[in-house]
Amino acid sequence: MLNFHDPSMLAAAKAHVSSLRWRMGVGTLFALGASFVLESFAAGFGWFLAVMLSTGFDAMLGHSYLETRGKTRVSSGGLFLWGCAFSVIVFAAMTLYLASAGGGPGRVLAVLMAASSMVSVMLFLFQAPVFMLVTAAPAAICLLVMPFLPFQQDPHSALYGAVGAACGVAGFLAYVVRAALYNGRMVTGLRAANKQAKERQIEAEARQLEAEEANRAKSEFLAVMTHELRTPLNAVIGYSEIIQEDMSAEGRKDLADDASRITGSARHLLGLIDQILNMSSIDAGKDGLSPSDLDVRNLIDDAVAVVHDEARESGNRISVRVSAEAARAHTDSSKLGVCLNALVSNAVKFTEDGLIAINADCVFGDGRQWLTIAVSDTGIGIAGEALSRVFQPFTQIDSTSTRAKGGMGLGLSIAQRMAHAIGGEVSVTSEVGAGSTFTIRVPLRIERAVIAARAA
Numbered sequence: 180m181l182n183f184h185d186p187s188m189l190a191a192a193k194a195h196v197s198s199l200r201w202r203m204g205v206g207t208l209f210a211l212g213a214s215f216v217l218e219s220f221a222a223g224f225g226w227f228l229a230v231m232l233s234t235g236f237d238a239m240l241g242h243s244y245l246e247t248r249g250k251t252r253v254s255s256g257g258l259f260l261w262g263c264a265f266s267v268i269v270f271a272a273m274t275l276y277l278a279s280a281g282g283g284p285g286r287v288l289a290v291l292m293a294a295s296s297m298v299s300v301m302l303f304l305f306q307a308p309v310f311m312l313v314t315a316a317p318a319a320i321c322l323l324v325m326p327f328l329p330f331q332q333d334p335h336s337a338l339y340g341a342v343g344a345a346c347g348v349a350g351f352l353a354y355v356v357r358a359a360l361y362n363g364r365m366v367t368g369l370r371a372a373n374k375q376a377k378e379r380q381i382e383a384e385a386r387q388l389e390a391e392e393a394n395r396a397k398s399e400f401l402a403v404m405t406h407e408l409r410t411p412l413n414a415v416i417g418y419s420e421i422i423q424e425d426m427s428a429e430g431r432k433d434l435a436d437d438a439s440r441i442t443g444s445a446r447h448l449l450g451l452i453d454q455i456l457n458m459s460s461i462d463a464g465k466d467g468l469s470p471s472d473l474d475v476r477n478l479i480d481d482a483v484a485v486v487h488d489e490a491r492e493s494g495n496r497i498s499v500r501v502s503a504e505a506a507r508a509h510t511d512s513s514k515l516g517v518c519l520n521a522l523v524s525n526a527v528k529f530t531e532d533g534l535i536a537i538n539a540d541c542v543f544g545d546g547r548q549w550l551t552i553a554v555s556d557t558g559i560g561i562a563g564e565a566l567s568r569v570f571q572p573f574t575q576i577d578s579t580s581t582r583a584k585g586g587m588g589l590g591l592s593i594a595q596r597m598a599h600a601i602g603g604e605v606s607v608t609s610e611v612g613a614g615s616t617f618t619i620r621v622p623l624r625i626e627r628a629v630i631a632a633r634a635a
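Structure below.
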């Protein structure tokens, strides 16, 4: 079935129309040859006029087809197809007449003309196979029919017959030479395009290596810097806690409060540094798996303990439910803990005087058991158009709330990466003003294949 909107069909039509002068020139040679073979100028000239008119007509229809758009292109394409078929039939009619009435030279000229027609069709219309077959059919049928036509002895002049056959040879060679030149240009173009593609591929690979090296250097730098920053911060936290205890014991409440603020700020900064360290460790490929049996309830309780004070200050309640099937798991507790801590912390950060519910269940899917931990809140929620960006690093969906609560937009990205590292993922559903639910879904028992893949 022909698709007249297909670019290959349009390209074939353009090539056919652009070859009009060439086809007319070769048609003149064949008409001259027919005049000599038949020793009838009237027959040759009459056929020449018929060929020129039909060829010009199909070229006009081709222009119309190429210029039309939309639904009318189908009808104009159909007319163009019939115009091409008609011009080829007019051309092929002379080959049958020459084969039956032109004697030996006539048959030679007829074969050369039919072969030239097929070469022309295959040369210019190969991009549209169905179109090519339709327009090549008349010449092919003539070649098949010629052996069955009654053979007449040469009734005409041998000289005229030889000249006519020579015109056929010249026309056929003209098509062959043009086909060779056309194919040569195509091969040259393909080689040039292939060379450019290889050069671009090499350039892209070099840039990719440079980018990977730069990213690796960045990650290693961040890892070193965060490690160097954690050491003095831990000292600041330790000494500020000692000062706070001493001032409280001495009844110096103002100084104790100041020391408490120092401790809180230092812990906040340490949390940010830990996020950067986690991110850089993932990027640097230093996040190997260490699976072990773990108590899911204890893991959740540890995450709740971290945010307990902040949740109480915000007037939030936290509920925890762990089903019996999800009580135990075999996975990387460190990575799952980082993932869960990020989600619980995010829920507390954007919820006030509300409820944060943490539910752990075991579900079956894809031929295995999955541990799901859903962290739901009644906070501000996330707009639907922003859900696709929540797991991107350094992305802050609500800049106003983020500035008020603090953060760099790394927590959810780290949670997603940690879930991926242990063969799972984090998904989210949310409604503005009604809250959000982030769900961790990881294998209940991590497989050896995942461990081997991460190690590789």
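Just remember that our numbering sits 179 ahead of the position in the sequence shown, which is counted from 1. Every residue, glycine too, gets a C-beta built ideally from N, C-alpha and C.
### Task
For Ser580, collect the residues of the same chain with a Cβ closer than 7 Å to its Cβ; drop the 5 residues on either side in sequence, then sort them by chain order.
Taking the first residue of the sequence shown as position 1, residue 580 is located at position 401. Confidence in Ser580 is poor, its pLDDT being 48 and thus under 50, which makes the residue's placement unreliable; the coordinate value appears in the next sentence. Around Ser580: Phe529 and Ile559.
### Message
Let's test the definition: count the other Cβ atoms within 10 Å of the Cβ of Val611 and tell me whether it reaches 16, buried, or not, exposed.
### Response
As a working note, residue 611 is residue 432 in the sequence shown. Exposed is the call here.
#### Entry: With 16 other Cβ atoms within 10 Å as the buried cut-off, status of Gly602
Here residue 602 refers to the residue found at position 423 of the sequence shown. With 16 or more other Cβ atoms within 10 Å, it is buried.
### Burial state of Lys432, where buried means 16 or more other Cβ atoms lie within 10 Å
Indexing the sequence shown from 1 puts residue 432 at position 253. By the neighbour-count criterion, in which 16 or more other beta carbons inside 10 Å mark a residue as buried, Lys432 falls on the exposed side.
### Query
What does Pro622 pair with, by DSSP beta-bridge criteria?
Residue numbering aside, residue 622 sits at position 443 when the sequence shown is read from its first letter. Paired residue(s): Trp549.
### Task
Taking Phe543 as the reference, give the member of Phe236, Val486 and Val621 with the closest Cα.
In the sequence shown, the residue the question calls residue 543 occupies position 364. Closest by alpha carbon: Val621.
#### Entry: Own chain, CB closer than 6 Å to Thr616, minus 5 neighbours either side, in chain order
As a first step, residue 616 must be located in the sequence shown, where it is residue number 437. A distance below 6 Å between beta-carbons, with the five flanking residues on each side excluded, links Thr616 to the following residues of its chain, in chain order: Ala553, Ser555 and Thr608.
### Query
Between the C-alpha atoms of Ile535 and Arg496, what's the straight-line distance to the nearest angstrom?
As a first step, residue 535 must be located in the sequence shown, where it is residue number 356. As a first step, residue 496 must be located in the sequence shown, where it is residue number 317. Whole-angstrom Cα-Cα distance: 6 Å.
### Query
Which word fits Ser578, buried or exposed, when buried means at least 16 other C-beta atoms lie within 10 angstroms of its C-beta?
As a working note, residue 578 is residue 399 in the sequence shown. Note that Ser578 scores 46 on pLDDT, short of 50, meaning its location in the model is unreliable and no value can be drawn from it.
### Message
Spatial neighbours of Ala341 within its chain, please: C-beta separation below 8 Å, excluding the five flanking residues on both sides.
### Response
One-based indexing of the sequence shown puts residue 341 at position 162. Pro284, listed in sequence order.
### Query
How would you label Asn520, buried or exposed, when you count the other beta carbons within 10 angstroms and need 16 or more for buried?
Residue mapping note: residue 520 aligns to position 341 of the sequence shown, counting from 1. The C-beta of Asn520 has 16 or more other C-beta atoms within 10 Å across all chains shown, which makes the residue buried.
### Task
Check whether the segment 336 to 352 touches the segment 285 to 303, counting contact only when three or more Cβ pairs, one atom from each stretch, lie closer than 8 Å.
With a cut-off of 8 Å, the segment 285 to 303 and the segment 336 to 352 count as touching, because enough Cβ pairs lie within range.
### Query
Counting along the chain, where does the alpha helix (DSSP H) carrying Phe303 start and finish?
Working through the sequence shown from its first residue, we reach residue 303 at position 124. Where Phe303 is concerned, the enclosing alpha helix (DSSP H) starts and stops at Gly282 to Leu304.
### Message
If you measure between the beta carbons of Ser266 and Ser296, is that distance less than 8 Å?
### Response
For the purposes of this step, residue 266 is identified with residue 87 of the sequence shown, where counting begins at 1. For the purposes of this step, residue 296 is identified with residue 117 of the sequence shown, where counting begins at 1. One thing to note: Ser266 has its Cβ no nearer than 8 Å to the Cβ of Ser296.
### Task
Decide if the segment 261 to 281 is in contact with the segment 313 to 327; the criterion is three or more beta carbon pairs, one per stretch, under 8 Å apart.
The segment 261 to 281 is in contact with the segment 313 to 327.
### Task
Drop a sphere of 10 angstroms on the beta-carbon of Arg379, count the other beta-carbons inside from all chains shown, and report buried for 16 or more, exposed for fewer.
Sequence index remark: in the sequence shown, residue 379 carries index 200 (1-based). Exposed, since its Cβ has fewer than 16 Cβ neighbours within 10 Å.
### Query
Going by alpha carbons, who is nearest to Ala349 out of Gly614, Gly204 and Glu531?
Reading the sequence shown from its first residue, position 170 is the one you call residue 349. Comparing Cα positions, the closest option is Gly204.
### Rounded separation between Glu489 and Arg440 - CA only
Counting from one through the sequence shown, the residue named residue 489 turns up at place 310. Counting from one through the sequence shown, the residue named residue 440 turns up at place 261. One C-alpha to the other measures close to 14 Å.
### Query
For Val269, which of Thr314, Val486 and His509 has the nearest alpha-carbon?
Here residue 269 is taken as the residue at index 90 of the sequence shown, counted from 1. Minimum Cα distance to Val269 is reached at Thr314.
### Query
Who are Cys263's beta bridge partners in DSSP?
The residue you call residue 263 lines up with position 84 of the sequence shown. None; Cys263 has no bridge partner.
### Message
By alpha-carbon positions, which one of Glu492, Gly614 and Val569 ends up nearest to Arg596?
### Response
Translated into positions along the sequence shown, residue 596 becomes position 417. Sorting Glu492, Gly614 and Val569 by C-alpha distance to the C-alpha of Arg596 places Val569 at the top.
### Message
Could you compute how far the alpha carbon of Gly206 sits from the alpha carbon of Ala293?
### Response
As a position in the sequence shown, residue 206 is number 27, starting the count at 1. As a position in the sequence shown, residue 293 is number 114, starting the count at 1. Between Gly206 and Ala293, the C-alpha separation is close to 12 Å.
#### Entry: Cβ-based neighbour list, Glu420, same chain, cut-off 7 Å, excluding 5 preceding and 5 following
Walking along the sequence shown from the start, residue 420 turns up at place 241. Cβ neighbours of Glu420 within its own chain (closer than 7 Å, five residues either side excluded): Thr442.
### Message
At the level of alpha carbons, what is the spacing between Gly223 and Leu211?
### Response
Taking the sequence shown and counting its residues from 1, one reaches residue 223 at position 44. Taking the sequence shown and counting its residues from 1, one reaches residue 211 at position 32. CA-CA distance, Gly223 to Leu211, rounds to 6 Å.
### Query
Counting pairs of beta carbons, one from the segment 477 to 493 and one from the segment 506 to 526, are three or more of them closer than 8 Å?
For the pair of segments examined, the segment 477 to 493 was found to touch the segment 506 to 526: the number of CB pairs separated by less than 8 Å reaches three.
### Task
Could you check how far apart the C-beta atoms of Gln548 and Leu456 are, in whole angstroms? I think they sit under 8 Å.
Against the sequence shown, residue 548 aligns to sequence position 369. Against the sequence shown, residue 456 aligns to sequence position 277. The pair is not a contact, with the Cβ atoms about 32 Å apart (cut-off 8 Å).
### Query
Do you know how far the Cα of Glu384 is from the Cα of Lys374?
One-based indexing of the sequence shown puts residue 374 at position 195. One-based indexing of the sequence shown puts residue 384 at position 205. If you take the alpha carbons of Lys374 and Glu384, they lie about 15 Å apart.
### Task
Identify, in the order they occur along the chain, each residue of the same chain with its Cβ nearer than 7 Å to the Cβ of Ser336, setting aside the five sequence neighbours on each side.
Counted from its first residue, the sequence shown places residue 336 at position 157. Within the same chain, Glu218 come within 7 Å of Ser336 by CB-CB distance, once the 5 residues on both sides are set aside.
### Query
Is Leu352 buried or exposed, if buried means 16 or more other CB atoms sit within 10 Å of its CB?
As a working note, residue 352 is residue 173 in the sequence shown. Leu352 comes out exposed.
### Query
What do you get for Met365, buried or exposed, if any count of 16 or more other CB atoms within 10 angstroms of its CB means buried?
Locating residue 365 in the sequence shown gives position 186, where the first residue counts as 1. Counting other Cβ atoms within 10 Å of its Cβ, Met365 stays below 16 and is therefore classed as exposed.
### Task
Could you spell out where the beta strand (DSSP E) holding Leu473 opens and where it closes?
Here residue 473 corresponds to residue number 294 of the sequence shown, with the count starting at 1. Segment Ser471 to Asp474, the beta strand (DSSP E) holding Leu473.
### Message
What residue range does the beta strand (DSSP E) around Thr166 cover?
### Response
This structure cannot settle anything about residue 166, because the visible part of the chain is limited to 180 through 635.
### Message
Using the three-state DSSP reduction, which class does Ala190 fall into: helix, strand or coil?
### Response
Taking the first residue of the sequence shown as position 1, residue 190 is located at position 11. Here Ala190 sits in helix by DSSP.
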